[in-house]
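Visitor: Quick mapping for you: the protein sequence lines, in order, are chains V and P.
With this note's numbering as the guide, the letters of the first sequence map in order to residues 33 to 576.
With this note's numbering as the guide, the letters of the second sequence map in order to residues 42 to 222.
Even for Gly, the Cβ is constructed at its ideal location relative to N, Cα and C.
Structure below; questions to follow.
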Amino acid sequence: MANQTCDVCVVGSGPGGGIAAYVLARAGLKTALVEAGPRLRAGIDYGFHKAPMEALEERLRKGLVSPFESLWRDRAERNHFTPVGDRPGHGWLKAVGGRSLCWAGHSLRFGPLDYRQWPMPYEEVATYYSRAERFMGVYGDNDGLSNMPDGEFLKGVRMRCPDMILKRGVERLKKQGRVAEYVSQRKAMVTEPHSSGRALCHYCGKCGNCCVDAKYTSANTPIPLGLRTGNLTVISEAMMTRILLNSDETRVTGIEVTRPNGALEKISCKVLVLACNSIETPRHLMLNRTRRFPNGLANSSAQVGRNLTSHFGFHVAGYFPELKDRDGSNDDGTGYYHGLLTSLYWDKPNPNFEGTYQVQCGSGYTPSTIGLRNLPGYGSSLKKRLREINLGHVNMNMQGTTLISAKKFVDLDPDKKDKYGLNVARVHLHYEQNDVNMAQDCLDRCEEIIRAAGGQVVSTPGKMSPEKLIIDQNHWVGTARMGTDPRTSVVDPFGRSHDLPNLFIGDASVFPAYPEKNPTLTNITLSWRMSEHLAELAKKGELS
Amino acid sequence: MERRELFKIIAAEAVAIEAAGAQHQHPATAAAKPYARKFFSSQQERAFDSLCDIIIPADSQSPGAHEAKVWQYIDLITHYGTPAQKQELTRGLALVDRAARKQFQKPFANLDRADQEEIVAAMAAKEPDREDELGRFFIHVKRLVIEGYHYSEVGMKRFMGYRGNTAISEFPGCAHPEHQS
Numbered sequence: 033m034a035n036q037t038c039d040v041c042v043v044g045s046g047p048g049g050g051i052a053a054y055v056l057a058r059a060g061l062k063t064a065l066v067e068a069g070p071r072l073r074a075g076i077d078y079g080f081h082k083a084p085m086e087a088l089e090e091r092l093r094k095g096l097v098s099p100f101e102s103l104w105r106d107r108a109e110r111n112h113f114t115p116v117g118d119r120p121g122h123g124w125l126k127a128v129g130g131r132s133l134c135w136a137g138h139s140l141r142f143g144p145l146d147y148r149q150w151p152m153p154y155e156e157v158a159t160y161y162s163r164a165e166r167f168m169g170v171y172g173d174n175d176g177l178s179n180m181p182d183g184e185f186l187k188g189v190r191m192r193c194p195d196m197i198l199k200r201g202v203e204r205l206k207k208q209g210r211v212a213e214y215v216s217q218r219k220a221m222v223t224e225p226h227s228s229g230r231a232l233c234h235y236c237g238k239c240g241n242c243c244v245d246a247k248y249t250s251a252n253t254p255i256p257l258g259l260r261t262g263n264l265t266v267i268s269e270a271m272m273t274r275i276l277l278n279s280d281e282t283r284v285t286g287i288e289v290t291r292p293n294g295a296l297e298k299i300s301c302k303v304l305v306l307a308c309n310s311i312e313t314p315r316h317l318m319l320n321r322t323r324r325f326p327n328g329l330a331n332s333s334a335q336v337g338r339n340l341t342s343h344f345g346f347h348v349a350g351y352f353p354e355l356k357d358r359d360g361s362n363d364d365g366t367g368y369y370h371g372l373l374t375s376l377y378w379d380k381p382n383p384n385f386e387g388t389y390q391v392q393c394g395s396g397y398t399p400s401t402i403g404l405r406n407l408p409g410y411g412s413s414l415k416k417r418l419r420e421i422n423l424g425h426v427n428m429n430m431q432g433t434t435l436i437s438a439k440k441f442v443d444l445d446p447d448k449k450d451k452y453g454l455n456v457a458r459v460h461l462h463y464e465q466n467d468v469n470m471a472q473d474c475l476d477r478c479e480e481i482i483r484a485a486g487g488q489v490v491s492t493p494g495k496m497s498p499e500k501l502i503i504d505q506n507h508w509v510g511t512a513r514m515g516t517d518p519r520t521s522v523v524d525p526f527g528r529s530h531d532l533p534n535l536f537i538g539d540a541s542v543f544p545a546y547p548e549k550n551p552t553l554t555n556i557t558l559s560w561r562m563s564e565h566l567a568e569l570a571k572k573g574e575l576s
Numbered sequence: 042m043e044r045r046e047l048f049k050i051i052a053a054e055a056v057a058i059e060a061a062g063a064q065h066q067h068p069a070t071a072a073a074k075p076y077a078r079k080f081f082s083s084q085q086e087r088a089f090d091s092l093c094d095i096i097i098p099a100d101s102q103s104p105g106a107h108e109a110k111v112w113q114y115i116d117l118i119t120h121y122g123t124p125a126q127k128q129e130l131t132r133g134l135a136l137v138d139r140a141a142r143k144q145f146q147k148p149f150a151n152l153d154r155a156d157q158e159e160i161v162a163a164m165a166a167k168e169p170d171r172e173d174e175l176g177r178f179f180i181h182v183k184r185l186v187i188e189g190y191h192y193s194e195v196g197m198k199r200f201m202g203y204r205g206n207t208a209i210s211e212f213p214g215c216a217h218p219e220h221q222s
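As structure tokens, this is what we get:
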């Protein structure tokens with residue numbers, strides 16, 4: 033068995049693992065970044081600008097159904113787990129950079145109110161948010177909102193006409209006492225020259241497979257910069273298949289990886305950082321059952337796999353007749369979602385449900401975003417209606433947090449195994465009344481805003497029920513939560529295991545509570561903070 | 042170590058990106074190659090061409106599905122589609138032909154436009170009836186026509202005026218005074 037040695041081994045090269053590798057290597061630690069997938073290069077392996085009919089046949093021949101390229105739809109694996117209950121979905125992109133290659137770039141800070149449920153206050157994390165934003169290159173506007181703090185932004189990107197009309201509806205309702213704000217999205221894309229040297233965004237809207245690396249990914253910023261330190265080695269196409277411990281099971285000593293040809297290799301390390309994602313990290317911990325840890329590594333609290341939550345929602349579409357003839361000739365922008373409805377139930381919770389939601393608002397015409405395909409009728413009247421809706425529609429996409437409860441968790445499927453002979457994860461999702469109540473409130477408010485803005489509701493899910501709810505496949509968190517009490521949490525507030533002092537977790541599974549905001553910026557921020565802490569401990573000799 | 046060397050290349054390329062960024066250009070659409078029919082028979086091709094063009098016709102604003110060659114989109118995705126998708130289209134068209142024969146004693150493809158429009162009007166009348174097979178087929182075809190039309194050059198550029206897929210240095214967005222709140 034081939035053997036490599038390093039100070040820190042980071043497993044998973046997505047948003048959390050990528051930044052950890054950079055921060056650790058820069059701190060002088062010999063770091064190995066282990067990734068199950070191969071390297072994919074923007075503009076070479078993905079990111080092509082082709083007219084749909086030009087791309088279609090080549091794609092159909094490869095078994096892809098849409099004429100539009102999408103790293104997520106084309107390459108992510110989505111059947112590597114067993115779904116239980118209300119249609120839980122999950123996907124991973126096995127590639128250097130992981131799902132940071134295909135994320136939409138939405139970068140919203142969690143706020144002071146959100147951190148009240150965390151073991152540290154917002155103020156303690158704020159400087160890391162600033163560093164992360166500067167490092168990633170995040171565009172946005174400073175909106176002065178109480179619980180979605182301003183940041184260190186590059187030049188913001190304007191909203192489209194339908195967003196501005198929708199905002200008008202929000203402003204009108206605010207005058208009647210409703211609490212809500214409508215603001216521009218904040219995304220990790222460079223809109224002006226940036227220290228990373230990445231190309232400027234050229235507003236082609238294909239952000240899920242950005243062809244010039246204008247969008248931040250682990251593969252285009254932290255990994256190349258980490259390599260420049262001379263302290264980072266990237267080990268791609270290596271799937272972690274075992275975590276190795278010393279004989280008295282007090283420390284991690286390394287991992288075993290399996291190569292595509294089946295060969296096993298050992299990577300010995302002083303410290304292990306897991307950043308595999310919120311389904312895979314608990315799976316790997318649970319797969320490694322030992323004498324000391326019969327329920328899985330670092331699981332004396334029995335919280336590994338528990339406290340699972342993600343974002344969920346639905347779509348409701350509005351149409352503004354006054355925009356039926358507007359110029360929509362170059363709507364691509366930074367993707368469909370340019371607007372965000374936020375500030376709901378921050379200070380004053382809704383008595384009918386716990387938690388809150390935000391609404392991502394999409395608009396604009398591109399060949400891939402056909403407004404509605406199910407309009408009645410045919411002929412010139414259908415054609416006219418299609419054109420009007422393409423130009424004048426807005427699509428409101430709820431993003432709420434599912435209630436954390438005993439009914440939502442990850443465990444191992446006792447029967448089904450992956451190609452390495454390891455049990456796959458089972459993801460249990462059961463919507464509860466709280467989730468349905470929240471969705472119903474969101475739908476009512478969205479429809480109210482569309483109408484207040486002078487629009488018509490043209491597509492609605494109608495009365496809410498669990499069947500109508502859609503889970504976000506990429507936003508799972510919580511399955512190795514942080515806390516100060518080892519009896520009720522898996523890692524400490526820096527991401528260090530309570531049970532194994534040289535095991536850290538650098539992905540979003542450490543989130544102890546989950547607001548409505550997108551997870552990636554906070555994942556990167558926490559992983560940065562964890563990595564600095566780890567490097568400090570290493571410097572003091574506390575890790576070897 | 043070979044692998045390590047491979048990844049050093051990334052670092053070098055990150056520098057190259059800096060230089061390349063400003064010059065990024067999107068290639069012009071290649072000239073369309075002549076299309077060779079894949080799934081439809083010649084009669085089915087004519088039938089779908091007419092059916093599509095009645096659903097999305099030419100008008101003063103822009104050309105219709107015939108000029109956009111939407112039938113080719115349907116032919117292509119069906120050719121690469123599942124047996125069930127293939128059967129759905131063949132079976133659906135057979136139903137349309139049956140209606141045409143019943144009313145005009147000819148298959149749909151051989152009718153003149155006015156008669157074809159009568160058949161389509163009858164299909165559309167059944168659209169709200171989810172139990173009616175012809176009504177369901179109408180909805181299915183309409184969905185395909187809408188997609189195929191949007192994906193075509195005619196649909197993108199002449200119907201929607203799309204100038205996208207071009208690199209711009211600043212996103213214009215909405216600055217219309219009448220849209221600001």
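Do you know offhand how far P/D116's Cα is from V/N252's?
Guide: Working through the second sequence from its first residue, we reach residue 116 of chain P at position 75. Working through the first sequence from its first residue, we reach residue 252 of chain V at position 220. When rounded, the distance between both Cα atoms is 40 Å.
Visitor: So for V/N429, helix, strand or coil by DSSP?
Guide: Translated into the one-based positions of the first sequence, residue 429 of chain V becomes position 397. Here V/N429 sits in strand by DSSP.
Visitor: Along the chain, where does the alpha helix (DSSP H) that runs through V/T552 open and close?
Guide: One-based indexing of the first sequence puts residue 552 of chain V at position 520. Start and end: T552 to K571.
Visitor: How many whole angstroms separate the CB atoms of V/E67 and V/V266, which I take to be in contact at a CB cut-off of 8 Å?
Guide: By 1-based counting over the first sequence, the position of residue 67 of chain V is 35. By 1-based counting over the first sequence, the position of residue 266 of chain V is 234. With 8 Å as the limit, V/E67 and V/V266 qualify as a contact, their Cβ atoms being about 7 Å apart.
Visitor: Identify, in the order they occur along the chain, each residue of the same chain with its Cβ nearer than 6 Å to the Cβ of P/L185, setting aside the five sequence neighbours on each side.
Guide: Position 144 of the second sequence holds residue 185 of chain P. I115.
Visitor: Taking Cβ positions only, does P/V161 come closer than 8 Å to chain V?
Guide: Residue numbering aside, residue 161 of chain P sits at position 120 when the second sequence is read from its first letter. Output row for P/V161: interface = yes.
Visitor: I'd like the span of the alpha helix (DSSP H) that includes V/S162, first residue to last.
Guide: Residue numbering aside, residue 162 of chain V sits at position 130 when the first sequence is read from its first letter. Element bounds for V/S162: Y154 to M168.
Visitor: If you count every other CB in all the chains shown that lies within 10 Å of the CB of V/V211, and 16 or more means buried, which is it?
Guide: The residue given as residue 211 of chain V occupies position 179 in the first sequence. Burial call: exposed.
Visitor: Using the DSSP secondary-structure output, state which residues sit across from V/L390 in a beta bridge.
Guide: To locate residue 390 of chain V, count along the first sequence from 1; it is residue 358. First, the amino acid is wrong: residue 390 of chain V is Gln here, not Leu. Paired residue(s): V/Q431.
Visitor: Using only the alpha-carbon positions, how far apart do V/Y351 and V/V426 sit?
Guide: To locate residue 351 of chain V, count along the first sequence from 1; it is residue 319. To locate residue 426 of chain V, count along the first sequence from 1; it is residue 394. Roughly 6 Å separates the two Cα atoms.
Visitor: So, for V/E109: in the same chain, excluding its five sequence neighbours on each side, which residues have a beta-carbon less than 7 Å away from its beta-carbon?
Guide: As a first step, residue 109 of chain V must be located in the first sequence, where it is residue number 77. Same-chain partners within the cutoff: G123, W124 and K126.
Visitor: Per DSSP, V/W124 forms a beta bridge with which residues?
Guide: Counting from 1 along the first sequence, the entry for residue 124 of chain V is found at position 92. Its beta-bridge partners are V/E109.
Visitor: Please decide whether V/H234 counts as near chain P, where near means a Cβ-Cβ distance under 8 Å.
Guide: Mapped onto the first sequence, residue 234 of chain V falls at position 202. Taking Cβ atoms only, chain P reaches closer than 8 Å to V/H234, which makes this a yes.
Visitor: Please state if the CB of V/L418 and the CB of V/S491 are separated by a distance shorter than 8 Å.
Guide: Along the first sequence, one-based indexing puts residue 491 of chain V at 459. Along the first sequence, one-based indexing puts residue 418 of chain V at 386. Not closer than 8 Å, so no.
Visitor: From the beta carbon of P/K183, is the nearest beta carbon of chain V less than 8 Å away?
Guide: One-based indexing of the second sequence puts residue 183 of chain P at position 142. Yes, contact with chain V.
Visitor: On a Cα-Cα basis, can you pick out the residue from V/L461, V/A349, V/Q392 and V/L444 that is closest to V/G137?
Guide: Start at 1 with the first residue of the first sequence, and residue 137 of chain V comes out as number 105. Residue V/Q392 is the option with its Cα nearest to V/G137.
Visitor: In chain P, which residues lie with their C-beta within 8 Å of the C-beta of V/Y369?
Guide: The residue you call residue 369 of chain V lines up with position 337 of the first sequence. Ordered by position in chain P, no residue passes the 8 Å Cβ test against V/Y369, which lies about 13 Å from the chain.
Visitor: Reducing DSSP to helix, strand and coil, say where V/G69 ends up.
Guide: The residue given as residue 69 of chain V occupies position 37 in the first sequence. Three-state DSSP puts V/G69 in coil, outside helix and strand.
Visitor: Which of the three DSSP states is assigned to V/N35 in this structure?
Guide: Working through the first sequence from its first residue, we reach residue 35 of chain V at position 3. V/N35: strand per DSSP, three-state reduction.
Visitor: Hey, quick one: how far does the beta strand (DSSP E) through V/R141 stretch, first residue to last?
Guide: Position 109 of the first sequence, counted from the start, is the residue given in the question as residue 141 of chain V. It is not in any beta strand (DSSP E) - V/R141 carries neither H nor E in the DSSP assignment.
Visitor: Would you say V/S178 and V/G371 are within 8 Å of each other, going by their C-beta atoms?
Guide: Start at 1 with the first residue of the first sequence, and residue 178 of chain V comes out as number 146. Start at 1 with the first residue of the first sequence, and residue 371 of chain V comes out as number 339. It is not a contact, given that the beta carbons lie outside the stated cut-off.
Visitor: So if DSSP puts V/S300 in a beta bridge, which residue, or which two residues, is it bridged to?
Guide: Your numbering for residue 300 of chain V matches position 268 in the first sequence. Partner(s): V/T37 and V/G286.
Visitor: Mind pulling the chain V residues with CB within less than 8 Å of P/I96?
Guide: Stepping through the second sequence from its first residue, residue 96 of chain P is reached at position 55. Residues of chain V passing the Cβ test: Y410, G411 and L414.
Visitor: Out of P/P218, P/P148 and P/Y76, point me to the one whose CA is closest to P/I160's CA.
Guide: Indexing the second sequence from 1 puts residue 160 of chain P at position 119. If we check each option's Cα against that of P/I160, P/P148 comes out closest.
Visitor: So for V/V459, helix, strand or coil by DSSP?
Guide: Taking the first sequence and counting its residues from 1, one reaches residue 459 of chain V at position 427. Strand at V/V459.
Visitor: Do you know how far the Cα of P/G133 is from the Cα of V/P383?
Guide: Counting from 1 along the first sequence, the entry for residue 383 of chain V is found at position 351. Counting from 1 along the second sequence, the entry for residue 133 of chain P is found at position 92. One C-alpha to the other measures close to 52 Å.
Visitor: Figure out for me which residue from V/G209, V/T273 and V/P47 has the closest Cα to the Cα of V/K451.
Guide: Within the first sequence, numbered from 1, the residue matching residue 451 of chain V stands at position 419. Ranking V/G209, V/T273 and V/P47 by Cα distance to V/K451 puts V/T273 first.
Visitor: Skipping 5 residues on each side, what residues in its chain have a beta carbon closer than 6 Å to that of P/M197?
Guide: Your numbering for residue 197 of chain P matches position 156 in the second sequence. The residues are Y203.
Visitor: How big is the Cα-Cα spacing for V/F185 and V/V222?
Guide: Taking the first sequence and counting its residues from 1, one reaches residue 185 of chain V at position 153. Taking the first sequence and counting its residues from 1, one reaches residue 222 of chain V at position 190. Approximately 10 Å, taken between the alpha carbons.
Visitor: In whole angstroms, what is the alpha-carbon distance linking V/T434 and V/G453?
Guide: In the first sequence, counting from the first residue as 1, residue 434 of chain V sits at position 402. In the first sequence, counting from the first residue as 1, residue 453 of chain V sits at position 421. Going by the C-alpha atoms only, they are around 32 Å apart.
Visitor: Just to confirm the assignment: which complete beta strand (DSSP E) runs, minimum length 3, are found wholly within the region 221–288 of chain V?
Guide: 264–267 and 271–277, all fully within the region 221–288 of chain V.
Visitor: Along chain P, in chain order, which residues have C-beta atoms closer than 7 Å to that of V/S361?
Guide: If you number the first sequence from 1, residue 361 of chain V lands on position 329. Simply G202, Y203 and R204.
Visitor: Determine the burial state of V/A438: buried for a count of at least 16 other Cβ atoms within 10 Å of its Cβ, exposed for fewer.
Guide: As a working note, residue 438 of chain V is residue 406 in the first sequence. V/A438 should be labelled exposed.
Visitor: Based on DSSP bridge pairs, tell me the residues matched to V/L373.
Guide: One-based indexing of the first sequence puts residue 373 of chain V at position 341. V/L373 pairs with V/Y214 and V/V391.
Visitor: From the DSSP output, in three-state form, read off P/I187 for me.
Guide: In the second sequence, residue 187 of chain P corresponds to position 146, counting from 1. Note: P/I187 maps to helix in three-state DSSP.
Visitor: Please identify the residue among V/L373, V/A540, V/F543 and V/N263 whose C-alpha is closest to the C-alpha of V/C478.
Guide: Taking the first sequence and counting its residues from 1, the one referred to as residue 478 of chain V is at position 446. Cα-wise, what sits closest to V/C478 is V/L373.
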